[in-house]
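There are 2 protein chains.
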Amino acid sequence: MPLSADDQARLDALHARFTALRPLSVGYPCNQQFDYSPLFRFLEFAANNVGDPFSGSNYRLNTHEFEREVVAAFARYTKAPEGDWWGYVTNGGTEGNMYGLYVARELLPEGMVYFGEDTHYSVAKILRLQHMRNIMIKSQPNGELDYEDLHETLRIHRDVPPIIFANIGTTMKGSLDNLQKIRAILDDLAIPESYIHADAALSGMILPFVGQPPPWTFPDGADSISISGHKLLGCPLPCGIAIARKRNVDRIARSVEYVGALDTTISGSRNAITPLMLWHRLKTLGDDGLRALVHRSLALASYAVEKLRATGIDAWRHDENSITVVFPRPPDSLMKKWVIAPKKKIAHIITLPPMNEAVIDEFAADFVAARLAG
Amino acid sequence: MPLSADDQARLDALHARFTALRPLSVGYPCNQQFDYSPLFRFLEFAANNVGDPFSGSNYRLNTHEFEREVVAAFARYTKAPEGDWWGYVTNGGTEGNMYGLYVARELLPEGMVYFGEDTHYSVAKILRLQHMRNIMIKSQPNGELDYEDLHETLRIHRDVPPIIFANIGTTMKGSLDNLQKIRAILDDLAIPESYIHADAALSGMILPFVGQPPPWTFPDGADSISISGHKLLGCPLPCGIAIARKRNVDRIARSVEYVGALDTTISGSRNAITPLMLWHRLKTLGDDGLRALVHRSLALASYAVEKLRATGIDAWRHDENSITVVFPRPPDSLMKKWVIAPKKKIAHIITLPPMNEAVIDEFAADFVAARLAG
Numbered sequence: 001m002p003l004s005a006d007d008q009a010r011l012d013a014l015h016a017r018f019t020a021l022r023p024l025s026v027g028y029p030c031n032q033q034f035d036y037s038p039l040f041r042f043l044e045f046a047a048n049n050v051g052d053p054f055s056g057s058n059y060r061l062n063t064h065e066f067e068r069e070v071v072a073a074f075a076r077y078t079k080a081p082e083g084d085w086w087g088y089v090t091n092g093g094t095e096g097n098m099y100g101l102y103v104a105r106e107l108l109p110e111g112m113v114y115f116g117e118d119t120h121y122s123v124a125k126i127l128r129l130q131h132m133r134n135i136m137i138k139s140q141p142n143g144e145l146d147y148e149d150l151h152e153t154l155r156i157h158r159d160v161p162p163i164i165f166a167n168i169g170t171t172m173k174g175s176l177d178n179l180q181k182i183r184a185i186l187d188d189l190a191i192p193e194s195y196i197h198a199d200a201a202l203s204g205m206i207l208p209f210v211g212q213p214p215p216w217t218f219p220d221g222a223d224s225i226s227i228s229g230h231k232l233l234g235c236p237l238p239c240g241i242a243i244a245r246k247r248n249v250d251r252i253a254r255s256v257e258y259v260g261a262l263d264t265t266i267s268g269s270r271n272a273i274t275p276l277m278l279w280h281r282l283k284t285l286g287d288d289g290l291r292a293l294v295h296r297s298l299a300l301a302s303y304a305v306e307k308l309r310a311t312g313i314d315a316w317r318h319d320e321n322s323i324t325v326v327f328p329r330p331p332d333s334l335m336k337k338w339v340i341a342p343k344k345k346i347a348h349i350i351t352l353p354p355m356n357e358a359v360i361d362e363f364a365a366d367f368v369a370a371r372l373a374g
Numbered sequence: 375m376p377l378s379a380d381d382q383a384r385l386d387a388l389h390a391r392f393t394a395l396r397p398l399s400v401g402y403p404c405n406q407q408f409d410y411s412p413l414f415r416f417l418e419f420a421a422n423n424v425g426d427p428f429s430g431s432n433y434r435l436n437t438h439e440f441e442r443e444v445v446a447a448f449a450r451y452t453k454a455p456e457g458d459w460w461g462y463v464t465n466g467g468t469e470g471n472m473y474g475l476y477v478a479r480e481l482l483p484e485g486m487v488y489f490g491e492d493t494h495y496s497v498a499k500i501l502r503l504q505h506m507r508n509i510m511i512k513s514q515p516n517g518e519l520d521y522e523d524l525h526e527t528l529r530i531h532r533d534v535p536p537i538i539f540a541n542i543g544t545t546m547k548g549s550l551d552n553l554q555k556i557r558a559i560l561d562d563l564a565i566p567e568s569y570i571h572a573d574a575a576l577s578g579m580i581l582p583f584v585g586q587p588p589p590w591t592f593p594d595g596a597d598s599i600s601i602s603g604h605k606l607l608g609c610p611l612p613c614g615i616a617i618a619r620k621r622n623v624d625r626i627a628r629s630v631e632y633v634g635a636l637d638t639t640i641s642g643s644r645n646a647i648t649p650l651m652l653w654h655r656l657k658t659l660g661d662d663g664l665r666a667l668v669h670r671s672l673a674l675a676s677y678a679v680e681k682l683r684a685t686g687i688d689a690w691r692h693d694e695n696s697i698t699v700v701f702p703r704p705p706d707s708l709m710k711k712w713v714i715a716p717k718k719k720i721a722h723i724i725t726l727p728p729m730n731e732a733v734i735d736e737f738a739a740d741f742v743a744a745r746l747a748g
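Protein sequence lines correspond, in order, to chains A and B. Its first residue numbered 1, the first sequence is counted upward by one per residue in our numbering. Its first residue numbered 375, the second sequence is counted upward by one per residue in our numbering.
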């Protein structure tokens, strides 16, 4: 039967509300400018990417072939070792981080996880779910790991192998932990076994396209990396990539096979459409389009810092490769209009499409007005 | 830039392949007949249902309001206790089972998980991921738990609280574990603390619409239930419902809050479109439409058993409420045409749309021909 008139009106109202909110949603790391309508015709099928995209599936309505190409592109962006990587398209950052930490725990069952205090709360949830011992490390004021605290804490716990959860772009401040510094500490302490997972949710699609990226890739020391698909690229469905060293995944696959679990992914049934969307996006943007998108966003971030500062707001960003513009928490009245996510004393905007200079000007003017009114 | 002609041709070929495979995909529990095109316009937004659907989100481009109505409908189908349930829309059965077992482990940290040998392999994966001790219980030939083995095994391990993973429809045989029998065993052994999670992936949308359902709901003893959305209802994206007793979830929420993880769902970022699709499906089918869908599928299952038997194939189903028609493993040549998933010595078809009598007749004829050729 058709929807009732009331229900139809509710859907129309939802669409109108989303349309109005889109240009005001400046506080989340989501590119909102995309067009996947050429792929909608695939939503008439009950497709499913269940299982390992590289090993085939009995369920032939899948897009594993396209998924493999997407993972291969991300292997290139993360400089994954030739012939020694494996990955899949996840339902988002949490699953990617869960996967990396799962691989780490299987390799180092007694391992202790270290993560900075600016780490996203979902990581605490994963560590609890997976029963992993962990220690929170102090942050520097800029949100980056306090390497002295890391060094000292590792030194005290040299009896258990360390698993470092590194942020390649923290949620609030866009801060990057430096993998070379982390590796240097591990070397200095002569720690024989360790694992580094890099959560590069947002920055993992920025850094491949800048001139002087900080150390964050596999050759820099990462053992697994998680990158979101719905953030810089933009996608109506949260998604991401989990990628890890193949030799590690293979070791786990053997132990997983032993317990009868034939699937090396976490989700089991996985949707077939986000791999197709990511594939379409990468193909239609190309590396040149991605580079242009990244540099436009970086230029806007620079503009936003200057504009906010010029109006008396103490804005900053972690470095010239960050599109996360941080500032003191605005008065609550500003959040009635703008969709931003303050935390304690700070808030941020993230300069992704459809943001432009006019939006930033309007935001800065509203911010100043809210301060004066407060 | 537009897709290259080659890439466009690949997408066209994929669509053609899916179109050809759809009527032949008879071995998976997926209703393939649905039309969500009225909702495609919502795929132009970077919406996100991050967090608890009942507690609100800063990210205002969400469909939490619709998600709550979907969960409420499933609370009704599962006879969840008034005012004492909580749930959310998951990315599929694995996440729903992971959630139920996570709740169980947090309540009974020393608990031992018991599950039948016919349980889906993904459960072994979850138990490993969550570090839960577990024992596999023998199955009866029909796939249902061997209650004597369960009784005897529980008796031996009375020092640890049991967590029972019950199948309300096993993957291969569609067998149902009987919650009243399980509860009776727990009572007989005077076990003071226990937890039952019910995996009702497929049957959870059948049993609310039959006359004499076996005991499988909350009043029958379930503490949490997982039901798939992409199976009986049909959805282009794998999804499902996790639903649990609210008092248990609240206890976990407190402990999760303590570690700084503010989110009681497993995924974190969750897509906003599957809740909308499930809402649309429930609204446009209505309980009458759902009942008709269920009874049509049951009638087809009955027809399939008779048809296959009439042609000399030893087909059967667990009981008159099952749409899973089981038969001896066919010759491999049959799987070249038909998409079915044999396991060891058996295989099955599942009688969901667009299947009809003509498809079953064709399948039976091909089966017999393949046997003769073999």
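All residues carry an ideal CB built from backbone N, CA and C; glycine is no exception.
Thinking C-beta only, is A/His120 closer than 7 angstroms to A/Thr171? It is a contact, given that the beta carbons lie within the stated cut-off.
Measure the alpha-carbon distance for B/Asp740 versus B/Phe701 and round it to whole angstroms. Just so you know, the alpha carbons of B/Asp740 and B/Phe701 end up roughly 14 angstroms apart.
Determine contact between the segment 521-529 of chain B and the segment 554-570 of chain B, defined as no fewer than three beta-carbon pairs at a distance below 8 angstroms. Result yes; three or more Cβ-Cβ pairs closer than 8 angstroms.
Provide the residue span of the alpha helix (DSSP H) that contains B/Arg384, from first to last. Membership of B/Arg384 in the alpha helix (DSSP H) is indicated by the continuous run Ala379 to Leu395.
At a CB-CB cut-off below 9 angstroms, which residues of chain A make contact with B/Pro376? Neighbours of B/Pro376 in chain A, taken as residues whose beta carbon is under 9 angstroms from its own, are Thr284 in chain order.
When you compare each of A/Ala222, A/Leu233, A/Phe18 and A/Ser57 to B/Tyr433 by their alpha carbons, which one comes out closest? Put simply, of A/Ala222, A/Leu233, A/Phe18 and A/Ser57 the residue whose alpha carbon is nearest the alpha carbon of B/Tyr433 is A/Phe18.
The alpha helix (DSSP H) that contains A/Val274, what's its start and end? One detail in the question is off: residue 274 of chain A reads as Thr in this sequence, not Val. Looking at the DSSP string, the run of the alpha helix (DSSP H) that includes A/Thr274 is Ile273 to Ala310.
Going by DSSP in three states, A/Ala80 sits in which element: helix, strand or coil? Residue state, collapsed to three classes: coil.
Residue range of the beta strand (DSSP E) that includes B/Phe539: Going by DSSP, B/Phe539 is part of the beta strand (DSSP E) stretching over Pro536 to Asn541.
Would A/Gln32 pass as an interface residue toward chain B - the criterion being a Cβ-Cβ separation below 7 angstroms? True, the Cβ-Cβ gap to chain B drops below 7 angstroms.
Helix, strand or coil for A/Asn97? Go by DSSP, reduced to three states. Correct three-state label for A/Asn97: helix.
Alpha-carbon to alpha-carbon, A/Met136 and A/Phe115: Cα-Cα distance, rounded: 5 angstroms.
What's the C-alpha gap between B/Lys711 and B/Ala743? Going by the C-alpha atoms only, they are around 13 angstroms apart.
Give me the DSSP bridge partner(s) of B/Gly614. Per DSSP, the beta bridge partners of B/Gly614 are B/Thr464 and B/Ser602.
Please decide whether B/Tyr461 counts as near chain A, where near means a Cβ-Cβ distance under 7 angstroms. In the sequence on display, residue 461 of chain B carries Gly and not Tyr. With 7 angstroms as the cut-off, B/Gly461 does not count as an interface residue toward chain A.
Using CA coordinates, which residue listed in B/Gly401, B/His389, B/His438 and B/Asn405 is at the minimum distance from A/Phe40? Out of B/Gly401, B/His389, B/His438 and B/Asn405, B/His389 has the C-alpha closest to the C-alpha of A/Phe40.
Own chain residues within Cβ distance below 8 angstroms of A/Thr202, not counting five before or after: Here residue 202 of chain A is Leu; the residue named in the question, Thr, does not match the sequence. Excluding residues up to 5 positions away in sequence, Pro29, Gly169, Gly174, Ser228, Lys231, Leu232, Ile323, Thr324 and Ile350 lie with their Cβ nearer than 8 angstroms to the Cβ of A/Leu202 in the same chain.
May I ask whether a heavy atom of the ligand ATP can be found less than 6 angstroms away from the beta carbon of B/Ala627? As far as ligands go, the structure on display features none, and thus does not contain the ligand ATP.
Does DSSP classify B/Ile724 as helix, strand or coil? In the three-state reduction of the DSSP assignment, B/Ile724 falls in the strand class.
Can you tell me the Cα-Cα spacing of B/Ser568 and B/Asp381, whole angstroms? Annotation: B/Ser568 to B/Asp381 spans about 55 angstroms, alpha carbon to alpha carbon.
Can you give me the start and stop residues for the alpha helix (DSSP H) that A/His151 sits inside? Unbroken alpha helix (DSSP H) run through A/His151: Tyr147 to Ile156.
So the candidates are A/Gly111, A/Pro342 and A/Tyr88; which of them puts its Cα closest to the Cα of A/Trp279? The shortest Cα separation from A/Trp279 among A/Gly111, A/Pro342 and A/Tyr88 belongs to A/Tyr88.
Residues of its chain near A/Gly268, where Cβ-Cβ distance is below 7 angstroms and the 5 sequence neighbours each way are ignored: So the list reads Val50, once near-sequence residues are dropped.
Output the distance between the C-alpha atoms of A/Ala46 and A/Val305, rounded to the nearest integer angstrom. Near 46 angstroms, if we compare the C-alpha coordinates of A/Val305 and A/Ala46.
Kindly say whether B/Asp381, judged by its beta-carbon, lies nearer than 7 angstroms to any beta-carbon of chain A. Residue-level contact by beta carbon holds for B/Asp381 and chain A, with a gap shorter than 7 angstroms.
Check whether the Cβ of A/His131 lies closer than 7 angstroms to any Cβ atom in chain B. With 7 angstroms as the cut-off, A/His131 counts as an interface residue toward chain B.
Using a Cβ-Cβ cutoff of 7 angstroms, what residues of the segment 336-366 of chain A are near chain B? List them in chain order. Along the segment 336-366 of chain A, going in chain order, the ones with a CB nearer than 7 angstroms to a CB of chain B are Val339 and Ala341.
Determine which residues of the segment 429-452 of chain B have a Cβ less than 9 angstroms from any Cβ of chain A, and write them out in chain order. For the segment 429-452 of chain B, the beta-carbon criterion of a distance under 9 angstroms to any beta-carbon of chain A is satisfied by Asn432, Tyr433, Arg434, Leu435, Thr437, Glu439 and Phe440.
Is it the case that the Cβ atoms of A/Asn31 and A/Asp199 are separated by a distance below 7 angstroms? For the pair A/Asn31 and A/Asp199, the CB atoms are not nearer than the 7 angstroms cut-off.
Taking Cβ-Cβ distances below 8 angstroms as the criterion, which residues of the segment 307-333 of chain A are in contact with chain B? Against chain B - using a Cβ distance shorter than 8 angstroms - the segment 307-333 of chain A contributes no residues.
Give the straight-line distance between the Cα atoms of A/Asp12 and B/Ala646, rounded to the nearest whole angstrom. Separation of A/Asp12 and B/Ala646 (C-alpha to C-alpha, rounded to the nearest whole angstrom) is 16 angstroms.
Quick check on B/Ser496 - is its C-beta less than 7 angstroms from some C-beta in chain A? Yes, because at least one Cβ of chain A sits closer than 7 angstroms to the Cβ of B/Ser496.
Could you check whether A/Gly100 and A/His197 sit closer than 7 angstroms to each other, using their CB atoms as the reference points? Yes.
Between the segment 681-695 of chain B and the segment 476-488 of chain B, are three or more C-beta pairs nearer than 8 angstroms? Taking a cut-off of 8 angstroms for Cβ pairs, the segment 681-695 of chain B and the segment 476-488 of chain B do not touch, as fewer than three such pairs fall below it.
Taking the C-alpha atoms as reference points, what is the distance between A/Lys283 and A/Pro81? C-alpha of A/Lys283 to C-alpha of A/Pro81: approximately 23 angstroms in a straight line.
Note down, in chain order, every chain B residue with its Cβ under 7 angstroms from the Cβ of A/Arg291. Within 7 angstroms Cβ-Cβ: nothing; A/Arg291 doesn't reach chain B, min ~13 angstroms.
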